[in-house]
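In the working numbering, the protein residues as written are 71 to 203. Ideal placement from N, C-alpha and C gives every residue a C-beta, glycine not left out. Source: prediction; values computed, not measured. Below you'll find the structure, written out as C-alpha coordinates, and then a few comments.
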(Lines of atoms letter the chains of each structure in order from A and count residues from 1; the text may use other names and numbers.)
(Lines give C-alpha, C1' and ligand atoms only; values in the text may rest on other atoms or scores of the structure.)
Protein backbone atom coordinates (compact mmCIF):
# COMPACT_ATOMS: atom_id res chain seq x y z
CA UNK A 1 0.00 0.00 0.00
CA UNK A 2 1.18 3.52 -0.73
CA UNK A 3 2.18 5.63 2.23
CA UNK A 4 1.25 9.28 1.71
CA UNK A 5 3.24 10.48 4.69
CA UNK A 6 6.45 8.71 3.72
CA UNK A 7 6.15 8.80 -0.09
CA UNK A 8 6.88 5.08 -0.17
CA UNK A 9 5.02 1.82 0.02
CA UNK A 10 4.42 -0.45 2.98
CA UNK A 11 3.32 -4.04 3.29
CA UNK A 12 -0.21 -3.63 4.63
CA UNK A 13 -3.74 -4.86 4.25
CA UNK A 14 -6.98 -2.94 3.90
CA UNK A 15 -9.98 -4.39 5.71
CA UNK A 16 -13.43 -3.73 4.27
CA UNK A 17 -16.51 -4.47 6.36
CA UNK A 18 -20.24 -4.26 5.74
CA UNK A 19 -22.38 -3.64 8.83
CA UNK A 20 -26.12 -4.19 9.22
CA UNK A 21 -27.36 -0.79 10.43
CA UNK A 22 -30.38 -2.25 12.24
CA UNK A 23 -28.39 -4.71 14.36
CA UNK A 24 -24.88 -3.20 14.27
CA UNK A 25 -23.41 -6.54 13.22
CA UNK A 26 -20.70 -7.16 10.64
CA UNK A 27 -22.38 -9.15 7.87
CA UNK A 28 -19.48 -9.31 5.40
CA UNK A 29 -15.78 -8.55 5.30
CA UNK A 30 -12.93 -8.64 2.84
CA UNK A 31 -9.20 -8.06 3.18
CA UNK A 32 -7.39 -6.47 0.24
CA UNK A 33 -3.97 -5.02 -0.42
CA UNK A 34 -5.39 -2.08 -2.39
CA UNK A 35 -4.25 1.26 -1.04
CA UNK A 36 -7.65 2.86 -1.61
CA UNK A 37 -11.35 2.08 -1.17
CA UNK A 38 -12.68 3.49 -4.47
CA UNK A 39 -13.02 0.14 -6.27
CA UNK A 40 -14.62 -2.09 -3.62
CA UNK A 41 -18.11 -0.64 -3.07
CA UNK A 42 -19.99 -2.92 -5.49
CA UNK A 43 -18.14 -6.05 -4.40
CA UNK A 44 -18.81 -5.35 -0.72
CA UNK A 45 -22.45 -4.61 -1.51
CA UNK A 46 -22.79 -7.96 -3.26
CA UNK A 47 -21.20 -9.75 -0.30
CA UNK A 48 -23.57 -7.98 2.10
CA UNK A 49 -26.56 -8.92 -0.07
CA UNK A 50 -25.50 -12.57 -0.11
CA UNK A 51 -25.03 -12.56 3.66
CA UNK A 52 -28.33 -10.87 4.48
CA UNK A 53 -30.51 -12.12 1.64
CA UNK A 54 -31.82 -8.57 1.25
CA UNK A 55 -32.41 -7.88 -2.46
CA UNK A 56 -33.28 -4.19 -1.90
CA UNK A 57 -30.04 -3.30 -0.19
CA UNK A 58 -29.05 0.32 0.38
CA UNK A 59 -25.34 0.88 0.88
CA UNK A 60 -24.23 3.85 2.98
CA UNK A 61 -20.56 4.74 2.52
CA UNK A 62 -18.28 7.68 3.22
CA UNK A 63 -16.80 9.93 0.53
CA UNK A 64 -13.62 7.90 -0.02
CA UNK A 65 -15.76 5.24 -1.73
CA UNK A 66 -16.84 7.68 -4.45
CA UNK A 67 -16.26 6.27 -7.94
CA UNK A 68 -18.55 6.68 -10.92
CA UNK A 69 -17.75 3.16 -12.11
CA UNK A 70 -18.60 1.66 -8.73
CA UNK A 71 -21.87 3.59 -8.52
CA UNK A 72 -22.88 2.28 -11.96
CA UNK A 73 -21.84 -1.26 -10.97
CA UNK A 74 -23.99 -1.05 -7.84
CA UNK A 75 -27.01 0.29 -9.72
CA UNK A 76 -26.63 -2.36 -12.45
CA UNK A 77 -27.04 -5.10 -9.83
CA UNK A 78 -29.89 -3.43 -7.95
CA UNK A 79 -27.81 -2.08 -5.07
CA UNK A 80 -28.60 1.48 -4.00
CA UNK A 81 -25.42 3.41 -3.13
CA UNK A 82 -25.66 6.48 -0.88
CA UNK A 83 -22.47 8.48 -0.35
CA UNK A 84 -21.39 12.12 -0.37
CA UNK A 85 -19.59 13.62 -3.32
CA UNK A 86 -15.84 13.91 -2.75
CA UNK A 87 -14.22 17.26 -2.14
CA UNK A 88 -12.53 18.01 -5.46
CA UNK A 89 -12.00 21.77 -5.40
CA UNK A 90 -8.38 22.70 -6.02
CA UNK A 91 -9.12 26.07 -4.38
CA UNK A 92 -9.12 24.48 -0.91
CA UNK A 93 -5.52 23.37 -1.44
CA UNK A 94 -4.67 26.99 -2.30
CA UNK A 95 -6.29 28.30 0.89
CA UNK A 96 -9.71 29.31 -0.45
CA UNK A 97 -12.93 28.50 1.39
CA UNK A 98 -15.11 25.70 0.05
CA UNK A 99 -18.90 25.63 -0.21
CA UNK A 100 -19.28 23.55 2.96
CA UNK A 101 -17.50 26.30 4.93
CA UNK A 102 -20.50 28.60 4.45
CA UNK A 103 -23.76 28.32 6.34
CA UNK A 104 -27.12 29.46 4.98
CA UNK A 105 -29.33 31.49 7.34
CA UNK A 106 -32.87 30.70 6.16
CA UNK A 107 -34.59 33.38 8.21
CA UNK A 108 -32.45 36.19 6.80
CA UNK A 109 -31.85 34.60 3.36
CA UNK A 110 -28.06 35.08 3.48
CA UNK A 111 -24.94 32.95 3.40
CA UNK A 112 -22.54 33.44 6.33
CA UNK A 113 -18.83 32.82 5.94
CA UNK A 114 -16.57 31.60 8.79
CA UNK A 115 -15.57 35.25 9.45
CA UNK A 116 -19.30 36.04 10.03
CA UNK A 117 -19.62 38.17 6.86
CA UNK A 118 -22.91 37.85 4.98
CA UNK A 119 -23.67 37.41 1.31
CA UNK A 120 -27.17 37.38 -0.20
CA UNK A 121 -27.79 34.55 -2.71
CA UNK A 122 -28.42 37.03 -5.56
CA UNK A 123 -25.39 39.19 -4.74
CA UNK A 124 -22.64 39.18 -7.38
CA UNK A 125 -19.29 40.87 -7.75
CA UNK A 126 -20.98 43.56 -9.86
CA UNK A 127 -23.60 44.58 -7.29
CA UNK A 128 -21.81 44.11 -3.96
CA UNK A 129 -22.09 47.00 -1.55
CA UNK A 130 -18.82 46.29 0.15
CA UNK A 131 -15.70 44.29 -0.48
CA UNK A 132 -15.88 41.72 2.32
CA UNK A 133 -15.30 38.61 0.22
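Candidates the options, of which the one nearest residue i by Cα
| i | options | result |
| --- | --- | --- |
| residue 109 | 93, 177, 121, 133 | 133 |
| residue 128 | 104, 78, 151 | 151 |
| residue 179 | 103, 192, 84, 102 | 192 |
| residue 100 | 141, 188, 111, 79 | 111 |
| residue 102 | 83, 168, 120 | 83 |
| residue 123 | 138, 136, 90 | 90 |
| residue 169 | 183, 177, 176 | 183 |
| residue 107 | 171, 149, 159, 139 | 139 |
| residue 92 | 130, 120, 105 | 130 |
| residue 147 | 113, 104, 86 | 113 |
According to DSSP, residues forming a beta bridge with residue i
| i | result |
| --- | --- |
| residue 139 | According to DSSP, residue 139 bridges with nothing at all. |
| residue 96 | 89 |
| residue 84 | 102 |
| residue 145 | Answer is none; residue 145 lacks a bridge partner. |
| residue 129 | 151 |
Integer-rounded CB distance, given that residue j should sit under 8 angstroms from residue i
| i | j | result |
| --- | --- | --- |
| residue 174 | residue 166 | With 8 angstroms as the limit, residue 174 and residue 166 do not qualify as a contact, their Cβ atoms being about 19 angstroms apart. |
| residue 118 | residue 98 | 5 angstroms |
| residue 136 | residue 155 | 6 angstroms |
| residue 149 | residue 115 | 4 angstroms |
Helix, strand or coil at residue i [DSSP, three-state]
| i | result |
| --- | --- |
| residue 173 | strand |
| residue 162 | helix |
| residue 122 | helix |
| residue 189 | strand |
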